[in-house]
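Report on one structure; see the data block that follows.
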Amino acid sequence: MSDVELQHITKHFPGVTALDDVSFSIRDGEFFVLLGPTGAGKTTTLRVIAGLERQDEGTVLFDGEPVDDLTPADRDIAFVFQQYSLYPTMTVYDNLAFPLRSPLRRLPEAEIRRRVEEAAGKLRITHLLERKTANLSGGEMQRVSIGRAIVREPRIFLMDEPLSNLDAKLREALRVELQHLQKTQGSTTLFVTHDQIEALTMADRIAVLNHGRIIQIGTPEDIYDRPATTFVAQLVGTPRINLVEAARENNTLHIRSSELHLPVPEEIDLPATFLIGVRPEDVRPDPAGEFVGEVILTEPLGVETILHIQSGGQSLLSLVSGMSDAVIGDQIRFNIVHTRLHYFDTEGKRIS
Amino acid sequence: MATIELRQVEKRFGDLQAVKPMDLTIHDGEFVVLLGPSGCGKTTTLRMISGLETVTGGTILLDGRNVTWLHPSERDIAFVFQFFALYPHMTVRQNIAFPLQAQGESHEAIEKRVDEVVELLEIGHLLDMRPGKLSGGDQQRVALARALVRRPAAFLMDEPLGALDADFRETMRAEIKRLHIVQNATTVYVTHDQVEAMAMADRIVVMSEAEIQQVGTPAEVYHKPANLFVARFIGSPGMNLVRGHYADGVVHMPGADNHYSVPPDWRRVLDETFGGEGEVIVGFRPEAAIVSDEGTLAGQVYASDLHGAYTMLHVNMNEHDIIHIRSDRLVLHPIGTPVRFDINPEMVRFFDPRTEKAISREVGQ
Amino acid sequence: MASFVETGPQAPVTEAIRVDKVSPRSRLTRTVRALIVIIVTFIGLIPVFVMGITAFKSRADVVAVPPKLVFKPTLEGFVYLLTERAVLTQDRLAEAQAHIDELNWMQRIALENGQEITGPSDYVFRLKNSAIIAGVSTIVSVGLGLLAAYAFSRFDVPGKGDLLFFILSTRMLPAVVVTIPLFLMYRQLKLHDTHLGMILLYTVFNLSLSVWLLKGFIDEIPREYEEAALVDGYTRLQAFFKIVLPQALTGVAATTVFSLIFAWNEYAFALMLTSERARTAPPSIATMLGRGGIEWSAIAAGSLGFLIPVVIVTFALRRYLLRGVTFGAIRQ
Chain Z
2 MSDVELQHIT
12 KHFPGVTALD
22 DVSFSIRDGE
32 FFVLLGPTGA
42 GKTTTLRVIA
52 GLERQDEGTV
62 LFDGEPVDDL
72 TPADRDIAFV
82 FQQYSLYPTM
92 TVYDNLAFPL
102 RSPLRRLPEA
112 EIRRRVEEAA
122 GKLRITHLLE
132 RKTANLSGGE
142 MQRVSIGRAI
152 VREPRIFLMD
162 EPLSNLDAKL
172 REALRVELQH
182 LQKTQGSTTL
192 FVTHDQIEAL
202 TMADRIAVLN
212 HGRIIQIGTP
222 EDIYDRPATT
232 FVAQLVGTPR
242 INLVEAAREN
252 NTLHIRSSEL
262 HLPVPEEIDL
272 PATFLIGVRP
282 EDVRPDPAGE
292 FVGEVILTEP
302 LGVETILHIQ
312 SGGQSLLSLV
322 SGMSDAVIGD
332 QIRFNIVHTR
342 LHYFDTEGKR
352 IS
Chain L
4 MATIELRQVE
14 KRFGDLQAVK
24 PMDLTIHDGE
34 FVVLLGPSGC
44 GKTTTLRMIS
54 GLETVTGGTI
64 LLDGRNVTWL
74 HPSERDIAFV
84 FQFFALYPHM
94 TVRQNIAFPL
104 QAQGESHEAI
114 EKRVDEVVEL
124 LEIGHLLDMR
134 PGKLSGGDQQ
144 RVALARALVR
154 RPAAFLMDEP
164 LGALDADFRE
174 TMRAEIKRLH
184 IVQNATTVYV
194 THDQVEAMAM
204 ADRIVVMSEA
214 EIQQVGTPAE
224 VYHKPANLFV
234 ARFIGSPGMN
244 LVRGHYADGV
254 VHMPGADNHY
264 SVPPDWRRVL
274 DETFGGEGEV
284 IVGFRPEAAI
294 VSDEGTLAGQ
304 VYASDLHGAY
314 TMLHVNMNEH
324 DIIHIRSDRL
334 VLHPIGTPVR
344 FDINPEMVRF
354 FDPRTEKAIS
364 REVGQ
Chain C
32 MASFVETGPQ
42 APVTEAIRVD
52 KVSPRSRLTR
62 TVRALIVIIV
72 TFIGLIPVFV
82 MGITAFKSRA
92 DVVAVPPKLV
102 FKPTLEGFVY
112 LLTERAVLTQ
122 DRLAEAQAHI
132 DELNWMQRIA
142 LENGQEITGP
152 SDYVFRLKNS
162 AIIAGVSTIV
172 SVGLGLLAAY
182 AFSRFDVPGK
192 GDLLFFILST
202 RMLPAVVVTI
212 PLFLMYRQLK
222 LHDTHLGMIL
232 LYTVFNLSLS
242 VWLLKGFIDE
252 IPREYEEAAL
262 VDGYTRLQAF
272 FKIVLPQALT
282 GVAATTVFSL
292 IFAWNEYAFA
302 LMLTSERART
312 APPSIATMLG
322 RGGIEWSAIA
332 AGSLGFLIPV
342 VIVTFALRRY
352 LLRGVTFGAI
362 RQ
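Read top to bottom, the protein sequences are chains Z, L and C. Numbers in the working numbering are just positions in the first sequence, counted from 1, shifted up by 1. Numbers in the working numbering are just positions in the second sequence, counted from 1, shifted up by 3. Numbers in the working numbering are just positions in the third sequence, counted from 1, shifted up by 31.
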């Protein structure tokens, strides 16, 4: 396993700048997630590291050595694609053995068999080895794809949204498997996704990417608790963070078009107008609550319920645990946890 | 508005039974979600109600009127498709007006009605654009407007949020539910996403293998799943299901030292069901497990992950069972460390592995 | 109607039942459809059928009016097709009839019509020419087409659009207009009436078709497959042979059949550019019309022999062909 470093990578495609001065480094054994919406440049970054795409500027280093002139094969990486990457004309066994049979490696067939069986065991696909890949379910296919990556010991695993084509249940199960596998093997992994849950749940560190630029790099806790911009704040967390305009007024913070007034925080220097972010779990219904609003919609999810609370012209989402018995039209009292508020300037940058 | 009634409706494609004979009544103004994995027959059912698919057997009644063999256009229903199905060569306004023109309404009446739905859905600024230029969310808003414009007796929606990005989906989910509350139109909504079903439905019809598994409110399917399929399918992750041997008020689960003492009110039910002892499946939701050092059940952390507001622990109880526990995000549980926990006695459920059905407390009394 | 009665509503209904536009497809309509298909197929096959029976008719039966459906089959047509004959004089005829036991079956058939066999005809030789020219040109054009199509599909070839259009443009003129210049050119290059010349010609003509067809097929194969192989430690060429080719087989089969049929059936160039050594079957069958009275049964026999190889190849590849031709349609 290796550490990987990107220095000032820029990549243009006709009409667009896919990557704009992207730099980050992945530590040996780290689970690093690139998170961003479609078109953010995540996949391009991955393809540049793999050598499938050539950057216009900047350098990619593995263990401190530039690899820009190496072919994909020579970089010794494993790539798990979003889909399609299993060879449909081969059996599962042959698919797993394929990287080991590469002319670069020339392993004896007995060694190949040993490694394939070991990988199959780890992923619980031993019973599928003799099947043709065309007859596998989506979850089984993606397990085999991951298996094809782990049969050899590459310097880094690159994964391009490997779970996004699976149904929700399988995605959950494979998320746990991947995380367990990565932690127990200590393999350096770069995982690309647009799904914030995948990023939060699996990553050691996350880099948030938008329009080809890095917006924030940090641990899942950093990203969730201290989002650098409103973009990041809205990207992670479900349901989405409440983002409201506010202004300073008579020693309180007044939330625009509502009757909500919050105390001015100490140690934070706030401009006259700014944005406040409130996570839905920090809007807490409480019979003795400080604020009052009307329930305009309830969304029971089982484990928790999303309440849409209208207060003046503002509507706030509140996440309460269990099945709430609030009914549409109810007047409800609630509190906002003052200590967990996020402040952003009108440009969307965090104020701290 | 309308009541929709299915009586022994079924569908076969050659030898394949796509929908087994089913009975279902959807009440006036109700929002019913057909939920199930792909291939369970939910979309076929919806298409039979719409008339886009013929039935192989049974009767469909709309407000008591037999519509089984009526053409879709004669059923007075509106259908919203997953891929919007907006006409690309028409503007948004023309798209919305199209169903009314088909009915030969006057120009003024059409104009007035279009303006009403446009206002309702807040899409006034899009009227002169073509669908190709719109975002997915806006396209689906226009598709909804086109469905609403004709004041149909019922709405049928086939995964209308399936083609949208995750953040749009959350917004549109709330919008559709709001719209339903305002319009109060009978709606049948098909999805494979249990979160969507829970959040939107008055009642959920859980389907699998061409059959109805359970019909109930979100709270019922979540807390009182009728069988193992529903228990697994609802919830994210689904219900933890651990198999064990029941005897004398205790379930012995595989794995060292895992003896679960059954809450007293369940003991008599289990004794009766199994005649003293037998194999049982214990079910509990991730939030029903409470981590504590004195817990009677034990396992090892297999993985743990942050979900924003909480942490999900994945715990290996034995080599077959990984269970999920929702825990406080502030307590760290590294992989491999032992965890002890208890199950909230209010939230435990039992299933009979022979029938895969839930064991009910009521029946036992 | 019958099926409706079986499955119709058992419960009281409030409005008259209508069974018009969406009633279940009855067995009757299905039978009618099948019948229509069978009839159309039958009509389409009539010429082939007539050709088939004509090949086995005697001279007299061929020209009989009305045409005979029941007749005594004979191999006369095949004997005429495969041999050169001379008319016997009266005394030679008597002599031959005296030694009839020593003659083989072909000689006997010739004798019945007062002829003797002087040697084999050039039909088999020309069929062989057809096979060589069509076979080799098909293999070369599909092979080259595959490589070109792959490159056009995957690489950033400069001027890709123009090149593709240019390739296709060779198909836009009727081929016949270039026969004269080609004839002159071929005579200069000494390619006239050679196998090589005809192979080159058919290859060039088929190449445009095969590049376009195969590019479509390769476009449909996700490039992730090759990229996975590249990352797994294979070169581009190895990835092409191990990954792309097996998946493009249906397309290759379809293209092969189309190319082969073109090269096998081609008439105009073969007539102009070949005379003896490299003459293919289509023009030679036509020339049989000219030689002293029309031997319809021989022509029919020749056409039948000419038809069979293509039918065999198409039949052998039919599984791929069907999938290949419908390939674009089954994708969303």
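The beta carbon of each residue, even a glycine, is placed where N, CA and C say it ideally should be. Being a predicted model, the structure only gives us computed values, none of them experimental.
The beta-carbon of Z:Tyr94 is placed no less than 8 Å from the nearest beta-carbon of chain C. Neighbours of L:Val12 across chain Z, judged by C-beta separation under 9 Å, do not exist; the nearest C-beta is about 26 Å away. The DSSP assignment places no complete run of the alpha helix (DSSP H) inside the stretch 273 to 336 of chain L (cut-off: 4 residues). Unbroken alpha helix (DSSP H) runs of no fewer than 4 residues, entirely contained in the stretch 215 to 283 of chain C, are found at 226 to 251, 255 to 262, 267 to 270, following chain order.
Within chain L, no C-beta atom comes less than 7 Å from the C-beta of Z:Val279; the nearest is roughly 13 Å away.
Z:Leu47 carries a helical assignment under DSSP once its states are collapsed to helix, strand and coil. The beta carbons of Z:Asn336 and Z:Arg257 sit no closer together than 8 Å. A residue is called buried when at least 16 other Cβ atoms come within 10 angstroms of its Cβ; L:Val334 does not meet this threshold and is exposed. Look at L:Phe87 here: in three-state DSSP terms it is coil, with no helix or strand label.
Residues Gly127 of the same chain have their beta carbon placed closer than 6 Å to that of L:Val121, with the five preceding and five following residues left out of the count. Bridge pairing for L:Ala250: L:Val253, L:Glu280 [DSSP].
Under the DSSP assignment, Z:Gln315 falls in the beta strand (DSSP E) whose first and last residues are 315 to 322. Judged by DSSP secondary structure, C:Pro104 falls outside any beta strand (DSSP E); it is assigned neither H nor E. Excluding the 5 residues flanking it on each side, L:Pro75 has same chain C-beta neighbours closer than 8 Å at Ser53, Gly54, Leu55, Phe82, in chain order. L:Gly311 counts as buried, since no fewer than 16 other beta carbons sit within 10 angstroms of its beta carbon. The C-beta separation of L:Glu173 from Z:Thr239 comes to about 7 Å, placing the pair in contact by the 8 Å criterion.
Judged by beta-carbon spacing, Z:Val17 lies beyond the 8 Å limit of Z:Ile50, meaning their Cβ atoms are not closer than that value. Counting of Cβ neighbours within 10 angstroms places L:Lys45 among the buried residues, the total reaching 16 or more. Z:Glu250: member of the beta strand (DSSP E) spanning 243 to 250, first to last residue.
In this structure, the alpha-carbon of C:Thr225 lies about 5 Å from that of C:Ala309. Taking 7 Å as the cut-off between beta carbons, the residues of the stretch 246 to 265 of chain C near chain Z are Pro253, Glu255, Tyr256, Glu258, Ala259, Leu261, Val262, Asp263, Gly264, Tyr265, in sequence order. Taking the CA atoms as reference points, Z:Thr274 sits about 4 Å from Z:Ala248. Proximity of L:His255 to chain Z, defined by a Cβ-Cβ separation below 8 Å, is not satisfied. Within 7 Å of the CB of C:Ile274, the CB atoms of chain Z belong to Tyr88, in sequence order along the chain. By the C-beta criterion, the stretch 50 to 62 of chain Z is judged to be in contact with the stretch 71 to 79 of chain Z, since at least 3 inter-stretch pairs fall below 8 Å. Z:Glu162 is the residue among Z:Leu171, Z:Glu162, Z:Asp168, Z:Ile216 whose C-alpha sits nearest the C-alpha of Z:Ala200. Ranked by Cα distance from Z:Tyr88, the first of Z:Ser24, Z:Val145, Z:Asp69, Z:Asp205 is Z:Val145. Note on geometry: alpha-carbon atoms of L:Glu125 and L:Glu178 lie some 11 Å from one another.
Residue pairing of C:Ile330 in beta bridges, as defined by DSSP: absent, with no partner found.
Close to L:Val198, with beta-carbon spacing below 7 Å, are these residues of chain Z in chain order: Leu302. For Z:Leu210, no CB of chain L lies under 8 Å from its own CB, so it is not counted at the interface with that chain.
If you check the CB distance, Z:Leu175 and Z:Gly140 come in under 8 Å.
Annotation: the continuous beta strand (DSSP E) that includes Z:Ile10 extends over 5 to 14. Between L:Met210 and L:Cys43, the beta carbon gap of about 4 Å places them in contact (Cβ cut-off 8 Å). Look at L:Ala21 here: in three-state DSSP terms it is strand.
In the structure shown, Z:Asp161 falls within a strand segment according to DSSP collapsed to helix, strand and coil.
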